[in-house]
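Number of protein chains: 2
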Amino acid sequence: DPQGRWMDGLLLDHTEGQSFLTEAFKVILEEVLTKGTDVNEKVCEWRDPAELQLLLDLELREDGENQQQLMQRVRDVAAYSVKTSHPRFFNQLFAGVDYHALAGRFLTEALNTSQYTYEVAPVFVLMEDVVLSQLRLLVGWGEGDGLFCPGGSASNMYAMNVARYRAFPQVKLKGMWSIPQLAVFTSQESHYSVGKAASLLGIGLESVFLVKVNQRGQMVPEDLVEKIELAKSQGAVPLLVSATSGTTVQGAFDPLDLIADVCENNGLWMHVDAAWGGSVLFSKKHRQLMKGIERADSVTWNPHKMLLTGLQCSAFLLKDTTNLLKHCHCANASYLFQQDKFYDVSLDTGDKSIQCGRKVDCLKLWLMWKAVGTRGLEGRVDQAFQNASYLVDKMKKREGFQLLNEPEFVNVCFWFIPPSLRGKQNIKDYQERLSKVAPVIKERMVREGSMMVGYQPQSRRVNFFRMVVLSPEITLQDMDFFLNEIERLGVDL
Amino acid sequence: DPQGRWMDGLLLDHTEGQSFLTEAFKVILEEVLTKGTDVNEKVCEWRDPAELQLLLDLELREDGENQQQLMQRVRDVAAYSVKTSHPRFFNQLFAGVDYHALAGRFLTEALNTSQYTYEVAPVFVLMEDVVLSQLRLLVGWGEGDGLFCPGGSASNMYAMNVARYRAFPQVKLKGMWSIPQLAVFTSQESHYSVGKAASLLGIGLESVFLVKVNQRGQMVPEDLVEKIELAKSQGAVPLLVSATSGTTVQGAFDPLDLIADVCENNGLWMHVDAAWGGSVLFSKKHRQLMKGIERADSVTWNPHKMLLTGLQCSAFLLKDTTNLLKHCHCANASYLFQQDKFYDVSLDTGDKSIQCGRKVDCLKLWLMWKAVGTRGLEGRVDQAFQNASYLVDKMKKREGFQLLNEPEFVNVCFWFIPPSLRGKQNIKDYQERLSKVAPVIKERMVREGSMMVGYQPQSRRVNFFRMVVLSPEITLQDMDFFLNEIERLGVDL
Ligand SMILES: Cc1ncc(COP(=O)(O)O)c(C=O)c1O
Ligand SMILES: Cc1ncc(COP(=O)(O)O)c(C=O)c1O
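Chains as they are written, first to last, in my numbering: chain A, 4 to 496; chain B, 4 to 496.
The structure is reproduced here in structure tokens:
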């Protein structure tokens with residue numbers, strides 16, 4: 004009895020398994036990809052944690068459930084999850100859906116292999132190499148190295164580790180006690196992963212010097228020079244600058260050429276965290292935002308953000324051609340990286356990584372790129388800029404919307420000033436009252452499920468919204484809806 | 004014209020996208036899940052790298068391709084990829100397919116969210132918590148902490164970082180220069196990720212003391228005590244022992260209770276790398292292999308290995324109830340972890356991680372567990388032991404197969420002695436000739452595509468096979484086939 008075998012957990016029956024999978028696929032199509040992308044449906048079905056816990060019945064038990072119950076589980080997970088591909092999801096630096104990328108992801112899951120050796124991942128070893136070299140070409144490098152990492156934070160961490168190894172190769176064996184106190188530099192508005200990396204690597208957060216930014220959030224090169232001098236005066240050896248192309252909140256682009264000059268003058272490793280902004284390299288019109296990028300030593304670039312490949316897809320790119328990545332990380336495990344194999348073992352690239360098993364993250368990007376071409380990806384990037392610029396124009400004309408800055412990128416940061424606060428900038432508790440506006444509007448939109456957008460304070464600025472215009476599936480109508488909806492939700496505040 | 008929009012890269016048409024996805028799903032069902040699991044089909048379709056490069060036409064171009072060409076791409080990727088769910092794939096510590104887990108993976112991909120806040124991942128924040136606490140219960144802990152990491156290597160690295168932070172919290176801010184030289188301890192046959200973690204964290208490979216193993220590959224507690232003394236005599240502060248439950252090659256289980264005694268006596272953090280062996284905790288019959296596990300401070304456990312969830316699924320589990328994980332890693336980024344949210348922000352668990360975006364890895368395990376129950380998972384583990392023991396019995400009775408040891412687990416390590424070497428142990432170049440056998444047999448099987456199994460040398464032992472019996476879809480017939488096939492491929496050597 005096949006049901007019996009299912010319940011035994013032995014799951015021998017491929018036919019039955021495939022019919023479950025096919026049913027689940029239908030639910031995915033209907034609930035996640037059709038309803039989940041329909042403007043007339045909610046972007047989220049909010050439940051308070053305690054209520055959701057009850058609804059989902061998460062507990063795991065001695066006995067299994069039947070196929071019908073399990074299909075209901077699939078439906079429930081879909082129903083109460085946030086629809087990140089919904090045209091009114093503006094909450095993170097990812098959104099939208101690309102069906103070719105998604106097909107690549109399903110295929111990746113079904114093939115279930117690990118990106119370490121040619122032996123078990125022949126297609127993906129060759130494919131990763133091609134995709135990385137195409138990304139490097141966009142950076143401006145004819146050769147180099149790299150690998151896909153589990154996220155931009157990991158890629159940034161790789162940069163710091165490789166930079167440290169280049170400067171002090173003994174660190175791999177002897178640890179930090181064998182080398183002088185180091186200093187790394189990044190802007191005040193850079194991503195927090197730079198600090199997390201410094202802590203993890205044993206460099207310490209206090210060795211991360213936060214360089215000042217200007218009003219628009221770009222690193223100030225003069226202050227970088229000062230911070231380098233400061234570090235030296237404290238006896239530390241400057242190691243690396245992590246510049247940002249596309250900061251997380253404001254979407255600012257640090258001036259790479261000027262920073263490269265400073266790095267050259269001081270012999271520092273220049274890393275560019277372009278996790279968010281890197282995709283502008285596809286655009287002839289906008290790639291000047293990253294002018295100077297070819298002078299970097301390493302780059303982090305997350306196609307899972309602006310390019311819609313889906314999580315996770317983060318490239319760590321290196322200019323190096325001396326196999327630094329491998330030397331820095333290799334452990335030469337003989338059970339995996341046998342040297343007496345019958346093919347060219349330099350294809351067993353897994354030892355470049357600090358991971359052992361490594362998910363295949365190249366296929367989704369490769370298949371999407373094959374589908375739309377470099378030109379298509381350019382079109383998407385340009386379209387996102389157009390949408391953002393439309394939104395900015397409308398905001399300028401509309402009462403109650405106050406931009407932080409003229410955006411450089413597709414992050415549109417603004418305060419919504421509710422009617423009760425308009426023209427009252429000079430009253431004593433204005434900032435205090437303004438800071439309470441965004442959280443209330445956010446709560447209302449989430450409870451209604453009408454849209455999702457993030458907010459945050461930043462340095463002396465009280466809570467403001469960060470609207471991210473990203474997916475090419477977004478229309479100008481969605482932009483108009485956004486403005487109306489913010490107003491509707493905040494009109495009584 | 005919808006085709007026009009596809010080619011523009013704007014991909015607005017959900018209907019067309021979904022029809023591509025549906026076609027791709029059919030290819031996955033046919034090629035990967037049906038043909039790819041059929042014993043009468045090849046486990047791999049070997050091509051030399053240069054030939055495969057030509058066949059796949061990997062290059063990325065200015066223009067996109069049409070849907071038909073793209074579907075051929077999907078077919079090609081499937082055709083030339085290794086079929087890791089094939090019943091004759093014994094090459095890694097993962098294999099087989101579980102259809103519920105796979106449905107969970109497809110749903111995860113389609114929902115495309117990140118495991119950092121309740122706001123964008125309400126279902127998965129609650130679900131991760133439940134799954135981790137069930138895994139902890141199997142370890143023997145009523146409370147604790149943890150998170151899913153991108154692989155066991157990352158989990159082991161977390162352990163080292165958290166142990167360091169508990170002992171020397173100043174390291175997070177001040178780096179390694181503020182703390183004494185550290186020493187960590189792990190067995191000679193432990194996984195190389197322990198060393199990689201030590202290098203990355205700035206502790207250095209030379210601070211990893213490799214504790215001797217006995218003939219079966221288990222850590223020798225007396226030598227651990229000696230190595231701790233040695234480290235102290237060199238002026239280092241002993242920090243952590245990373246014991247292994249299920250070593251990578253031999254599948255050995257370190258004696259946890261004895262190691263726990265040593266850790267207690269010396270105030271050391273006890274980590275157990277149970278990436279591979281952890282799943283024995285499901286089995287009433289075999290869980291005594293990990294006796295003493297509840298005394299550990301932290302555990303790495305990869306359900307993507309023995310439990311068939313698919314890559315990646317690795318749990319890092321902690322006994323700690325003081326929020327050490329959060330204190331150690333938090334950066335309190337205000338754009339993501341706003342403190343003025345309208346729900347309990349302790350549910351925003353992302354700041355425990357060194358990642359920012361984090362893939363959802365709990366759903367596949369949860370859905371599979373719901374499907375087969377704790378009992379079903381136990382059945383699978385027991386079945387793998389039975390298969391291994393059948394194989395061992397057969398090998399003992401069969402000429403030409405020489406076991407390294409009586410296996411503790413489902414790794415069956417053996418030499419195949421070809422007819423020309425039988426009874427010749429005493430000739431001068433015996434070891435040298437024996438070392439050449441496994442690579443030749445491996446090359447032959449891969450070129451034919453008949454099966455895949457790994458080999459390696461280890462300390463003074465020349466190349467031997469590591470047969471891993473793992474998937475519950477494996478039958479005794481597959482075991483017999485394996486023995487016959489090794490013999491067939493090596494009979495003339
Ligand atoms: C500028 C920047 N760098 C790095 C990251 C981290 O990327 P991930 O979430 O993939 O770790 C982010 C995430 O938003 C980012 O905005
Ligand atoms: C004992 C042991 N620990 C850790 C790992 C690393 O796990 P992952 O490949 O998920 O990084 C492995 C991998 O085989 C292993 O065998």
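Virtual Cβ for every residue (Gly too), placed ideally from N, Cα, C.
Asked: Local Cβ density within 10 Å of N335(A), reported as buried at 16 or more and exposed below that; Found: exposed
Asked: Distance CB(F468(A))-CB(T377(A)) smaller than 8 Å; Found: no
Asked: Heavy atom of ligand 1 within 7 Å of G155(A) beta-carbon; Found: yes
Asked: Beta-carbon neighbours of I357(A), restricted to chain B and to distances below 9 Å; Found: S156, A157, M160, S196, K199, A200, S202, L203
Asked: CB-CB length for W279(A) against L96(A), believed under 8 Å; Found: 5 Å
Asked: Nearest-angstrom Cβ-Cβ length linking G270(B) and S248(B), presumed shorter than 8 Å; Found: Between S248(B) and G270(B) the Cβ distance is about 22 Å, and since that is not below 8 Å, they are no contact.
Asked: Residue-chain proximity (P52(B), chain A), Cβ-Cβ < 8 Å; Found: yes
Asked: Any C-beta of chain A under 8 Å from that of I31(B); Found: yes
Asked: Run of the beta strand (DSSP E) containing D276(A), from where it starts to where it stops; Found: 272–276
Asked: heavy atom of ligand 1 below 7 Å from C365(B) C-beta; Found: no
Asked: Contact list for the stretch 309–320 of chain A against chain B, Cβ threshold 7 Å; Found: G313, L314, Q315
Asked: R8(A) (DSSP reduced to helix, strand or coil); Found: Note that R8(A) has pLDDT 44, beneath the 50 cutoff, so the model's placement of it is unreliable and the number below is only indicative. Note: R8(A) maps to helix in three-state DSSP.
Asked: V443(A) beta carbon less than 8 Å from that of L407(A); Found: no
Asked: Alpha carbon of S181(A) to alpha carbon of G382(A), nearest angstrom; Found: 50 Å
Asked: Contacting positions in the stretch 368–393 of chain B - beta carbon closer than 8 Å to chain A; Found: W369, L370, W372, K373, A374, V375, G376, T377, R378, G379, L380, E381, G382, R383, Q386
Asked: Short CB-CB distance (under 8 Å) between M454(A) and chain B; Found: no
Asked: Per-residue DSSP class, three states only, for Y338(A); Found: coil
Asked: Contacts that S282(A) makes with chain B (C-beta to C-beta distance below 9 Å); Found: Chain B residues near S282(A): none, gap ~12 Å exceeds 9 Å.
Asked: Three CB pairs or more closer than 8 Å across the stretch 448–457 of chain B and the stretch 43–52 of chain B; Found: yes
Asked: Partner residues on chain A for T325(B), Cβ-Cβ distance less than 8 Å; Found: Correct list: empty, because the minimum Cβ distance to chain A is about 18 Å.
Asked: Proximal residues, the stretch 63–92 of chain A versus chain B, C-beta separation under 7 Å; Found: L63, R64, E65, D66, G67, E68, L73, R76, V77, V80, A81, Y83, S84, V85, T87, S88
Asked: T189(A), enclosing alpha helix (DSSP H) - first and last residue; Found: Looking at the DSSP string, T189(A) is not in any alpha helix (DSSP H); the run it does join, the beta strand (DSSP E), is 185–190.
Asked: Short CB-CB distance (under 8 Å) between M470(A) and chain B; Found: no
Asked: Presumed contact (8 Å Cβ cut-off) between G147(B) and T325(B), rounded CB distance; Found: That belief does not hold up - the Cβ atoms of G147(B) and T325(B) are roughly 11 Å apart, past 8 Å.
Asked: Contact check, A391(B) vs V415(B), beta carbons under 8 Å; Found: yes
Asked: Span separating the alpha-carbon of E54(B) from that of A201(A); Found: 43 Å
Asked: Same chain only: Cβ atoms within 6 Å of S196(A), ignoring 5 sequence neighbours per side; Found: S156, N159
Asked: Closer than 7 Å: S317(B) CB and nearest ligand 2 heavy atom; Found: yes
Asked: Which listed residue (V449(A), K439(A), E446(A), P421(A)) has its alpha carbon closest to that of E490(A); Found: P421(A)
Asked: Three-pair Cβ contact test at 8 Å for the stretch 255–262 of chain B versus the stretch 229–238 of chain B; Found: no
Asked: For L320(B), the first and last residue of its enclosing beta strand (DSSP E); Found: 317–321
Asked: Proximal residues of chain B, C-beta to C-beta of S210(A) below 7 Å; Found: G178
Asked: 7 Å Cβ shell around L138(A) - same chain, five flanking residues per side excluded; Found: W304, A318, L320
Asked: When L370(B), L339(B), L368(B) are compared against G360(B), the one with the closest alpha-carbon; Found: L339(B)
Asked: Per-residue DSSP class, three states only, for T251(B); Found: coil
Asked: Boundaries (first-last residue) of the alpha helix (DSSP H) holding W180(B); Found: No alpha helix (DSSP H) contains W180(B), which DSSP labels as neither H nor E.
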